[in-house]
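Input: a single structure, listed below in structure tokens.
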Amino acid sequence: MREDLPVIVTEAVGDAAGRWDLAGEIPLDLLRGLGGKGLLCPEIATQFGGLGLTGRECGELTAHVGSLCSSLRSVMTSQGMGAWTIWRLGDRTQREHYLRRLTAGELAAVAFSEPDAGSDLSAMSTRIREDGDTLVVDGVKTWITASVYADLLVVFGRYGDGGAAVIVPATSPGVRRDPAQSPMGCRAAGHATVTLDAVRVPRTNLLGAAGQSLAMLTTIALTCGRLSVAWGCVGILRACLAAAAAHARDRRQFGVPIARHQLVARHLAELYVAERTATLACERASDCWDAGSPDQFTGAVLAKLVASRAAAQGAATAVQVLASAGAQDGHVVARAYRDAKLMEIIEGSNEVSQLILADRVMGVGG
Amino acid sequence: MPESTSEQLTIAMIEQRLLDFLVERTKIEWEVGQDLFESGVLSSLFAMELVVFVEKAFDVSIEREDLALANFRTVRAMTDLVLRLGKAADA
Chain A
1 MREDLPVIVT EAVGDAAGRW DLAGEIPLDL LRGLGGKGLL CPEIATQFGG LGLTGRECGE
61 LTAHVGSLCS SLRSVMTSQG MGAWTIWRLG DRTQREHYLR RLTAGELAAV AFSEPDAGSD
121 LSAMSTRIRE DGDTLVVDGV KTWITASVYA DLLVVFGRYG DGGAAVIVPA TSPGVRRDPA
181 QSPMGCRAAG HATVTLDAVR VPRTNLLGAA GQSLAMLTTI ALTCGRLSVA WGCVGILRAC
241 LAAAAAHARD RRQFGVPIAR HQLVARHLAE LYVAERTATL ACERASDCWD AGSPDQFTGA
301 VLAKLVASRA AAQGAATAVQ VLASAGAQDG HVVARAYRDA KLMEIIEGSN EVSQLILADR
361 VMGVGG
Chain B
1 MPESTSEQLT IAMIEQRLLD FLVERTKIEW EVGQDLFESG VLSSLFAMEL VVFVEKAFDV
61 SIEREDLALA NFRTVRAMTD LVLRLGKAAD A
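Written out as structure tokens, the structure is:
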């Protein structure tokens, strides 16, 4: 990976992540600037204006972004999923047209979840139907990350007997975006409820074809998202480990740096274990992805489960080590604590992940 | 009929690779015409495993309308897909 890529992100974020968290917003021109350099979907091939990173390199960059700001990393996850969905399901013309836009500063959000379809995506009720040369989309999508910023919404829904995804320009008549009020974590990630009321788009915006399985299509997008979230959790852990180590070195109590107290030292060791374990699970999953191995799907679920649990636990540990020094909204460990908890929920909750892994164990022999 | 013989051999080889993969992953034996998803036990995640297995094992790209569950329901359907995509690539 080009050495300047993480540096560009570090310089763009500067010391602003805490302020974005408090304000609940990242400046749009900053997102467009990073997007225009291909940094928000860095796996996209150079022929479409992307950076052409491998999955493993993209993961490392995602972890770096996640170590700085989980809200920005969430926007990156959405952009990556949108671009990947267009790449995997789109035809040559759609790839050329839309991927170029997503590497030139336009932003994407991906819409799966609905009021009555969270863990059970098969209960999705959003409908895509044909009307002459146009498609009509109706439905309500909740907690759509980055949708406040997005130019393009990649909307999954029912289509004929199966499912499809459709690209909906966010400013289309009939699209309404209601920003989530005071989200607990990833506060600046631009979550919103997206209502689609008889939204009309050209037929050429359809990704996929008649008769496809909605569950297969969502698995394609979610696998990309799970890898991204998992690497983001690695970033959270790296930020927590650095903050806890620095504090344990500088903060003195009972006449010595607190790192010299064994109960604090154990916290540091546990944080290190969490960071290493999450990293190894992510590396393994990304290598499967890069190799085109069938294990990439359960690998992504495993990495996401391992990394999000490690991040939730590790962030709580980091707050414990920093104590009052970190117990303020906007502080890196305070953000980590709130952001990491949400990572145990999105892109397949811990429980859904466990059910998938249990299936893997049992095959059909169960 | 030499051409037909060679094609039959190819079909048998494709089917065997698929059956081997299935027994390894699902821990049970399958017939070439048996519906893998009828019981509801195998998931959409497993369907995607089949997609990338077929892509990698037989060096084909499965895109657009071919990414349909119907093409992965049986070993026979997957074999037909591999033969069709292989011919398209040769053409």
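Protein chains in written order, with the numbering used here: chain A, 1 to 366; chain B, 1 to 91. Here a beta-carbon is modelled for each residue, glycine too, at the ideal position from N, C-alpha and C.
Amino acids of chain B, ordered along the chain, whose beta-carbon sits closer than 9 Å to that of residue i
i, result
"A:Ile356", "Ser43, Leu45"
"A:Met81", "Within chain B, no residue comes near A:Met81; the closest Cβ sits about 15 Å away, beyond 9 Å."
"A:Asp359", "Val41, Leu42, Ser43, Leu45, Phe46"
C-alpha distance - residue i paired with residue j, whole-angstrom precision
i, j, result
"A:His331", "A:Ala215", "39 Å"
"A:Leu342", "A:Gly348", "11 Å"
"B:Ala77", "A:Val319", "55 Å"
"B:Ser43", "B:Phe37", "7 Å"
"B:Leu67", "A:Gln212", "7 Å"
"A:Thr219", "A:Met362", "20 Å"
"A:Arg32", "A:Ser113", "25 Å"
"A:Val273", "A:Ser308", "14 Å"
"A:Arg127", "A:Thr134", "14 Å"
"A:Ala285", "A:Val352", "18 Å"
"A:Val333", "A:Arg251", "16 Å"
"A:Asp359", "B:Asn71", "22 Å"
"A:Met1", "A:Gly59", "11 Å"
"A:Asn350", "A:Ala104", "35 Å"
"A:Ala300", "A:Glu57", "15 Å"
"A:Ala336", "A:Ala291", "32 Å"
"A:Pro294", "A:Gly36", "32 Å"
Contact under 8 Å by Cβ, residue i with residue j
i, j, result
"A:Val65", "A:Met81", "no"
"A:Asp151", "A:Leu196", "no"
"A:His247", "A:Ala316", "no"
"A:Gly50", "A:Ala188", "no"
"B:Val60", "B:Val54", "yes"
"A:Pro115", "A:Val154", "no"
"A:Gln253", "A:Leu305", "no"
"A:Leu89", "A:Leu207", "yes"
"A:His97", "A:Thr145", "no"
"B:Phe58", "B:Gly86", "yes"
"A:Thr142", "A:Thr193", "yes"
"A:Phe156", "A:Met184", "no"
"A:Leu5", "A:Leu30", "no"
"A:Gly232", "A:Ala63", "yes"
"B:Glu49", "A:Phe297", "yes"
"A:Leu398", "A:Glu43", "Since the displayed chain A opens at 1 and closes at 366, residue 398 of chain A lies outside it and no answer follows."
"A:Phe48", "A:Arg95", "yes"
"A:Pro179", "A:Val201", "no"
"A:His267", "A:Ala244", "yes"
"B:Thr74", "B:Asp20", "no"
"A:Arg249", "A:Ala259", "yes"
"A:Ala312", "A:Glu344", "yes"
Buried or exposed (CB count within 10 angstroms, at least 16 for buried), residue i
i, result
"A:Asp120", "exposed"
"B:Ile28", "exposed"
"A:Gly55", "buried"
"A:Asp339", "buried"
"A:Arg203", "exposed"
"A:Asp21", "buried"
"A:Thr171", "exposed"
"A:Glu11", "exposed"
"B:Val82", "buried"
"B:Glu3", "With a pLDDT of 49 at B:Glu3, under the threshold of 50, the modelled position of this residue cannot be trusted, and the question is left open."
"A:Val7", "exposed"
"B:Val23", "exposed"
From the options, residue whose alpha carbon lies closest to that of residue i
i, options, result
"A:Leu378", "A:Leu268, A:Pro6, A:Glu60, A:Ala278", "Residue coverage of chain A in this structure runs from 1 to 366, which leaves residue 378 of chain A outside it and unanswerable."
"A:Glu275", "A:Leu153, A:Ala239, A:Arg249", "A:Ala239"
"A:Pro173", "A:Ser182, A:Ile167, A:Val199", "A:Val199"
"A:Leu222", "B:Arg17, B:Glu15, B:Leu45, B:Glu24", "B:Leu45"
"A:Ile236", "A:Ala291, A:Ser71, A:Ser293, A:Thr134", "A:Ser71"
"A:Gly18", "A:Ser67, A:Gly36, A:Glu60, A:Pro42", "A:Ser67"
"A:Ala210", "A:Asp287, A:Glu130, A:Arg260, A:Ile167", "A:Glu130"
"A:Val102", "A:Pro169, A:Gly292, A:Ile8", "Reading off the sequence, residue 102 of chain A comes out as Leu, not Val. Ranking A:Pro169, A:Gly292, A:Ile8 by Cα distance to A:Leu102 puts A:Pro169 first."
"B:Asp106", "B:Phe21, B:Ala47, B:Val32", "Examination of residue 106 of chain B is not possible in this model, given that chain B is present from 1 through 91 alone."
"A:Arg100", "A:Val166, A:Gln79, A:Ile346, A:Gly59", "A:Gln79"
"B:Ile14", "B:Arg64, B:Arg25, B:Lys56", "B:Lys56"
"A:Gly117", "A:Asp359, A:Arg226, A:Ile346", "Residue identity differs from the one stated: residue 117 of chain A is Ala in this sequence, not Gly. For the residues A:Asp359, A:Arg226, A:Ile346, the minimum Cα distance to A:Ala117 belongs to A:Ile346."
"A:Ser182", "A:Trp289, A:Leu357, A:Asp329", "A:Asp329"
Chain-ordered chain B contacts of residue i [CB-CB under 7 Å]
i, result
"A:Met216", "Ser44, Ala47, Met48, Leu67, Leu69"
"A:Ile220", "Met48"
"A:Phe297", "Leu45, Met48, Glu49"
"A:Asp91", "Arg64"
Chain-ordered neighbours of residue i on chain A, where CB pairs are closer than 8 Å
i, result
"B:Phe53", "Pro294"
Residue i: CB within 7 Å of a non-hydrogen atom of the ligand NAP
i, result
"A:Arg19", "Judged by which ligands are present, the structure shown has none, so any question about the ligand NAP falls away."
Contacts of residue i in chain B (Cβ-Cβ under 8 Å)
i, result
"A:Ser213", "Ser44, Ala47, Ala68, Leu69"
"A:Asp287", "Under the 8 Å cutoff, chain B gives no residues; its nearest Cβ is about 14 Å from A:Asp287."
Chain D within 8 Å of residue i, Cβ atoms only
i, result
"A:Ala209", "You won't find chain D in this structure, because its protein chains are A and B."
Listed by chain order, chain A residues near residue i by CB distance under 7 Å
i, result
"B:Lys87", "Correct list: empty, because the minimum Cβ distance to chain A is about 20 Å."
"B:Arg73", "Ordered by position in chain A, no residue passes the 7 Å Cβ test against B:Arg73, which lies about 10 Å from the chain."
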